[in-house]
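Okay, here's the thing in structure tokens:
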């Protein structure tokens, strides 16, 4: 448990980059700019005797290099990251700007599903991330349209950014391999995404309403047969005088062909693999308040997530996660201090390395995480 949690901490940086508001790379009119980040992480696990004995652990998190820029109507955006144990690409794509309204992206780009950006404020992400539906990046083409408050994303992805048997990846994808004695042979393929949002400007801020649809196939590399998968979501992101409210409700289903157990499926992320309920709902409710100062800003937040399994096995239990924290932005630095509570939830509990499966015990586990980053 401790090894996979440390690997997880060594890899998660993108949420802080995007949420901090720090522009690590100013896009040039002509030419490619280079930037990046270096991060360290402190973790204290209330459910780990060794962690309590040592008063937590301070480790190297990661280093990232980013490329961004354009020449004429053509551009490039990419990020590659290095940890103490591995390295991998987060995204890398070229794009073409047809006009001021349309952009086309080719390569490993961000899957348009759910609340634009993130459905979380914390370093820890929200429950949709662990199901494969937050800040995911796959290989394909995407068309982006934006005008008069309307924003449309249409995309086709041939497959995930790495092969299905590879677990070194930034975001959660289906996994081929054995987990807890169950053999999985599933690969993501032929995925379609559509997301539509509308942004309303109002006194003190703005509100964005949206809906997302995802549909694709699941290829069984052992039998050659194909299953299906889908997800739908409704989301809202509203800001008013420094306050921000995020709400999202989603349903998903992985219907794999020739499955050993139709109630669950295997996924992998950041050098680890675990199981999730093959069908269920996920609900997110996040609130944040940003306070500006002479030296930067403070963002206080609470992110709550609930996953309810919807499978034939009645022993499957809900998974819950709550993160209370503050993000401190000062110059080129960004620090996130999080208090995480998890119940029947992977990465935030001692004995429940899954999402939505039968729970071992009936307690909330707690941990503290502090992540410090310098961006250039």
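Residue numbers (mature numbering (1 follows the signal peptide of the UniProt record, and there is no 0)): -28 to -1, 1 to 348.
Positions of the beta carbon are idealized from the N, C-alpha and C atoms, including for glycine.
Buried/exposed call for residue i, threshold 16 Cβ in 10 Å
i	result
residue 319	buried
residue 321	buried
residue 155	exposed
residue 86	buried
residue 37	exposed
residue -12	Since pLDDT at residue -12 reaches only 35, below the 50 mark, its modelled position is unreliable, and no value is offered.
residue 331	buried
residue 239	buried
residue 254	buried
residue 109	buried
residue -4	Only weak support exists for where residue -4 lies, its pLDDT of 37 falling under 50; the value from the coordinates is given anyway. It counts as buried.
residue 91	buried
residue 286	exposed
residue 96	buried
residue 237	buried
residue 193	exposed
Cβ neighbours of residue i in the same chain (closer than 6 Å, five flanking residues each side left out)
i	result
residue 134	141
residue 161	131, 189, 191
residue 246	318, 325, 326
residue 43	2
residue 231	none
residue 267	302
residue 123	169
residue 296	274, 311
residue 281	249, 252, 288, 328
residue 316	289, 291, 324, 331
residue 258	93, 218, 275
Sheet register partners of residue i (DSSP bridge)
i	result
residue 46	43, 68
residue 217	210, 259
residue 233	According to DSSP, residue 233 bridges with nothing at all.
residue 310	297, 341
residue 34	11
residue 83	In the DSSP output, where bridge partners are listed per residue, residue 83 has none listed.
residue 51	38, 63
residue 5	40
residue 265	For residue 265, which the question treats as bridged, DSSP gives no partner whatsoever.
residue 198	191
residue 305	302, 346
Neighbourhood of residue i by C-beta distance below 7 Å, restricted to the same chain and skipping five residues each side
i	result
residue 181	169, 170, 208
residue -6	Note on residue -6: pLDDT 37, under 50, position unreliable in the model; the coordinate value appears next. Here the set comprises nothing.
residue 334	none
residue 58	140, 243
residue 119	73
Opening and closing residue of the beta strand (DSSP E) in which residue i lies
i	result
residue 337	337 to 347
residue 300	291 to 302
residue 281	268 to 281
residue 97	Run containing residue 97: none; DSSP gives neither H nor E here.
residue 248	244 to 249
residue 187	177 to 192
Limits of the alpha helix (DSSP H) - the one that residue i falls within
i	result
residue 24	21 to 26
Neighbourhood of residue i by C-beta, 8 Å cutoff - its chain only, sequence neighbours within 5 removed
i	result
residue 195	157, 229, 230
residue 305	344, 345, 346, 347
residue 284	234, 235
Distance cut-off 7 Å: residue i Cβ against heavy atoms of the ligand COA
i	result
residue 31	You won't find the ligand COA in this model; it holds no ligand whatsoever.
Residue-chain proximity (residue i, chain D), Cβ-Cβ < 8 Å
i	result
residue 267	No chain D is present in this structure, which holds just one protein chain.
Would you mind listing the beta strand (DSSP E) stretches within the stretch 104 to 167 that are 3+ residues and don't spill past its ends, in chain order? Restricting attention to beta strand (DSSP E) runs no shorter than 3 residues, the stretch 104 to 167 encloses them at 109 to 119, 122 to 132, 148 to 151, ordered along the chain.
At which residue ranges does the stretch 54 to 81 contain complete beta strand (DSSP E) runs of 3 or more residues, listed in the order of the chain? Fully enclosed beta strand (DSSP E) runs of 3 or longer: 59 to 69.
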